[in-house]
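Just so you know, the protein sequences line up as chains A and B, in that order.
Be aware that the first sequence starts at 1, since it is given in this note's numbering, and climbs by one per residue.
Be aware that the second sequence starts at 1001, since it is given in this note's numbering, and climbs by one per residue.
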Amino acid sequence: MKKGLIYLDHAATTPMDVSVHREMGQYCCLFFGNPATLYSLGRRSNEGVEKARAEVATLLGSSPDEVYFTSGGTESDNWAIQGTAFSHMEKGKHIITSTIEHHAVLDTCKFLEKIGFEVTYVPVDARALIDPDDVRRAIRKDTILISIMHANNEVGTVEPIAEIGKIARKAGVPFHTDAVQTVGKIPAKVDELGVDMLSLSGHKFYGPKGVGAMYIRKGTRIQRFMHGGGQEHNKRAGTHNVQGIVGVGAAAKLAVEHMSEDAERLRKLATKLNDGLLSSIPDIRSNGHPENKLPGMVHVCLEGIEGEAMLLCLDAEDICVSSGSACTTGSLDPSHVLLAMGMPAEVAHGSIRFSLGRHNTEEEIDRVLEVFPPIVRKLRAMSPTYHKTNLQTFRK
Amino acid sequence: MYSQKVMEHFRNPHNVGEFEDPDGVGQVGNPQCGDVMRIGIKVQEDRIADIRFQTLGCAAAIATSSMVTDLAKGKTLDEASKISRDDVAHELDGLPANKMHCSNLAADALREAIKDYRDRQSKSK
Chain A
1 MKKGLIYLDH
11 AATTPMDVSV
21 HREMGQYCCL
31 FFGNPATLYS
41 LGRRSNEGVE
51 KARAEVATLL
61 GSSPDEVYFT
71 SGGTESDNWA
81 IQGTAFSHME
91 KGKHIITSTI
101 EHHAVLDTCK
111 FLEKIGFEVT
121 YVPVDARALI
131 DPDDVRRAIR
141 KDTILISIMH
151 ANNEVGTVEP
161 IAEIGKIARK
171 AGVPFHTDAV
181 QTVGKIPAKV
191 DELGVDMLSL
201 SGHKFYGPKG
211 VGAMYIRKGT
221 RIQRFMHGGG
231 QEHNKRAGTH
241 NVQGIVGVGA
251 AAKLAVEHMS
261 EDAERLRKLA
271 TKLNDGLLSS
281 IPDIRSNGHP
291 ENKLPGMVHV
301 CLEGIEGEAM
311 LLCLDAEDIC
321 VSSGSACTTG
331 SLDPSHVLLA
341 MGMPAEVAHG
351 SIRFSLGRHN
361 TEEEIDRVLE
371 VFPPIVRKLR
381 AMSPTYHKTN
391 LQTFRK
Chain B
1001 MYSQKVMEHF
1011 RNPHNVGEFE
1021 DPDGVGQVGN
1031 PQCGDVMRIG
1041 IKVQEDRIAD
1051 IRFQTLGCAA
1061 AIATSSMVTD
1071 LAKGKTLDEA
1081 SKISRDDVAH
1091 ELDGLPANKM
1101 HCSNLAADAL
1111 REAIKDYRDR
1121 QSKSK
């Protein structure tokens, strides 16, 4: 990473761990064989893949043969939802998900709606928390899938997956969770969560981009997604991304070792940042659930400023963050997550997300707390709406 | 995604602020869309003698506001009314396609300010 750069966008992606990179390197040039071949070079690649599968399984508390490698979180989400829908068509056409899912889930559901499936989107409260009773009430005789994310990628709220899992099991409905934001950061054991399918992505926990996995519980009916060769127990065709898979395995192993220590440290740093922002900047509010939250996630809204402007001013100070404002999402609407939480559009436009990671230090947080308030003052001084409109939502 | 010129105007915008007694004020946009621009003008002998803006919005919104004030300063009201969104974008060495609606606003706010000035003039006559 560039010296002096303060990277606070770990929910977008993480820097690959040097040891992960080292592990991957030998599978690019040295052990390059196709793992489907029978000679020793190929067998060596296959060993790398299976070692990685065991490491991911350990992280998830599953059996290795329930782990299927994919190209990442998006493919896993697409596969879980479409594969379940298409293999349960004779049973029903109803799917339950939430209003705050990642677009990989939401847009897949919208695609299925277009071809005749029906989808219920359960709402969230102002903290982005889903009420398991809403999921229970949404279940119909023809419900074939429930898909609820483990933690939200924008505000960091961790959803009551274990409770929803019990409801799904009782009703006999397959249950998928998009755990892209949680795997490697907080415990995501498939039996404790009670899920039948789980999506994960390597680059969110210091592994490589372009590779992820899906957990599929033994006995879960799901159609194959990629057609072709017989890889991944005939369920996901395509030559293995060996070096990528080895990288996910190495990152999973690191996560098992570092998770609890990292989480505790990140919670402290996030609290310092959150409290520091709230005490040094007026007309600001913190979003997401105060307790059920991803460690390291700080999401705030500021009155009278637009998110992209804050983001670019921070960038000029070599600080990387994200915003849910329309300008950064490429549409005219602000984040669907913030709107689903009941936030007025004019408030949602002023949002900014800091997502901390393993390498962040207290000094870096001090630096953010030093440079951010003057940026806010500068932009507000330029704003025609600050203190001129009465944004009631801020004054609670 | 932004040109260097956009970033320069965003980081150090020209003519920021408001007048205590403007001759004309124009405001366009709304906070729900995330873009609000207000432009105030001082007019002398049918020319824009001074101009200031306030903008809530993204970098493009701020840069286009800054640029439109630069373009308008010193021009006659008729000349300034003809400044288009394409002129503003062109002077900024281009804008991303999805940001063209922002630059539209800056020129609109200027036209609104000129209209406000003319309305005031005709009323006082």
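Every residue, glycine too, gets a C-beta built ideally from N, C-alpha and C.
Asked, Found
"Opening and closing residue of the alpha helix (DSSP H) in which His336 of chain A lies", "336 to 340"
"Proximity to Ala1123 of chain B [Cα-Cα], best of B:Leu1056, B:Asp1023, B:Glu1079, B:Leu1105", "The sequence shown places Lys at residue 1123 of chain B, not Ala. The candidate whose alpha carbon is nearest that of Lys1123 of chain B is B:Asp1023."
"Option in A:His299, A:Arg358, A:Tyr206, A:Tyr39 with minimal Cα separation from Met24 of chain A", "A:Tyr206"
"Cβ of Gly1029 of chain B within 7 Å of any chain A Cβ", "no"
"Residue environment, Ser280 of chain A, which counts as buried when at least 16 other CB atoms sit within 10 Å", "exposed"
"According to DSSP, residues forming a beta bridge with Gly1026 of chain B", "B:Ile1039"
"Environment of Glu75 of chain A [buried if 16+ CB atoms lie within 10 Å]", "buried"
"Coarse secondary structure for Leu357 of chain A, derived from DSSP in three states", "Sequence inspection shows Gly at residue 357 of chain A; the Leu mentioned does not correspond to that position. If DSSP states are grouped into helix, strand and coil, Gly357 of chain A belongs with coil."
"Those residues which DSSP pairs with His88 of chain A across a bridge", "Per DSSP, none; premise fails for His88 of chain A."
"Met1062 of chain B classed as buried or exposed, judged by whether at least 16 other C-beta atoms fall within 10 angstroms", "The displayed chain sequence assigns Ile, not Met, to residue 1062 of chain B. Looking at its Cβ environment, which holds 16 or more other Cβ atoms inside 10 Å, Ile1062 of chain B is buried."
"Paired residues, beta bridge with Arg1052 of chain B - DSSP", "B:Gly1040"
"Cβ neighbours of Asp318 of chain A in the same chain (closer than 8 Å, five flanking residues each side left out)", "Lys2, Gly4, Leu5, Ile6"
"Where Asp366 of chain A sits in the DSSP three-state scheme", "helix"
"DSSP-derived helix/strand/coil call for Glu118 of chain A", "strand"
"Buried or exposed by the 16-neighbour rule on C-beta atoms within 10 Å, applied to Ala398 of chain A", "The structure shown does not extend to residue 398 of chain A, since chain A is modelled only from 1 through 396, so no value can be given for it."
"Range covered by the alpha helix (DSSP H) that runs through Ile164 of chain A", "161 to 171"
"Buried or exposed by the 16-neighbour rule on C-beta atoms within 10 Å, applied to Asn46 of chain A", "buried"
"Residue from A:Cys313, A:Glu291, A:Arg224 whose Cα sits closest to the Cα of Ala85 of chain A", "A:Arg224"
"Per-residue burial, Cys28 of chain A [other beta carbons within 10 Å of its own, 16 or more giving buried]", "exposed"
"Any chain B beta carbon closer than 7 Å to Pro35 of chain A", "no"
"Three-state class that DSSP yields for Ser1066 of chain B in the structure shown", "helix"
"Distance between Lys235 of chain A and Arg127 of chain A (C-alpha atoms, nearest Å)", "38 Å"
"CB contact below 7 Å: Phe394 of chain A versus chain B", "For Phe394 of chain A, the pLDDT reaches just 40, beneath the cut-off of 50, and the residue's location in the model is therefore unreliable, although a value from the coordinates is still provided. For Phe394 of chain A, the answer is no, since every Cβ of chain B falls outside 7 Å of its Cβ."
"Residue(s) in a DSSP beta bridge with Arg1047 of chain B", "B:Gln1044, B:Thr1076"
"DSSP state of Ala406 of chain A mapped onto helix, strand, coil", "In the structure displayed, chain A extends from 1 to 396; residue 406 of chain A sits before or after that span and is not available."
"Stretch pair the segment 105 to 113 of chain A + the segment 56 to 69 of chain A: three plus CB contacts closer than 8 Å", "no"
"Three CB pairs or more closer than 8 Å across the segment 1004 to 1014 of chain B and the segment 1086 to 1100 of chain B", "yes"
"Residues that Val1016 of chain B contacts on chain A, provided the C-beta gap is smaller than 9 Å", "Ala381, Met382"
"Through-space distance from Ala52 of chain A to Tyr121 of chain A, alpha-carbon basis", "35 Å"
"Secondary structure of Gly210 of chain A, DSSP reduced to three states", "coil"
"Interfacial residues, the segment 92 to 113 of chain A to chain B, with Cβ spacing under 7 Å", "none"
"Three-state secondary structure assigned by DSSP to Phe175 of chain A", "strand"
"Buried versus exposed, by CB contacts within 10 Å (16 or more), Tyr39 of chain A", "exposed"
"Nearest-angstrom Cα separation, counted from Asp1021 of chain B out to Gln181 of chain A", "53 Å"
"Contact set for Thr72 of chain A: own chain, Cβ-Cβ below 8 Å, skip 5 residues either direction", "In the sequence under discussion, the amino acid at residue 72 of chain A is Gly, which differs from the Thr named in the question. Excluding positions up to five away in sequence, the list reads Ser201, Gly202, His203, Lys209, Gly210, Val211, Gly212."
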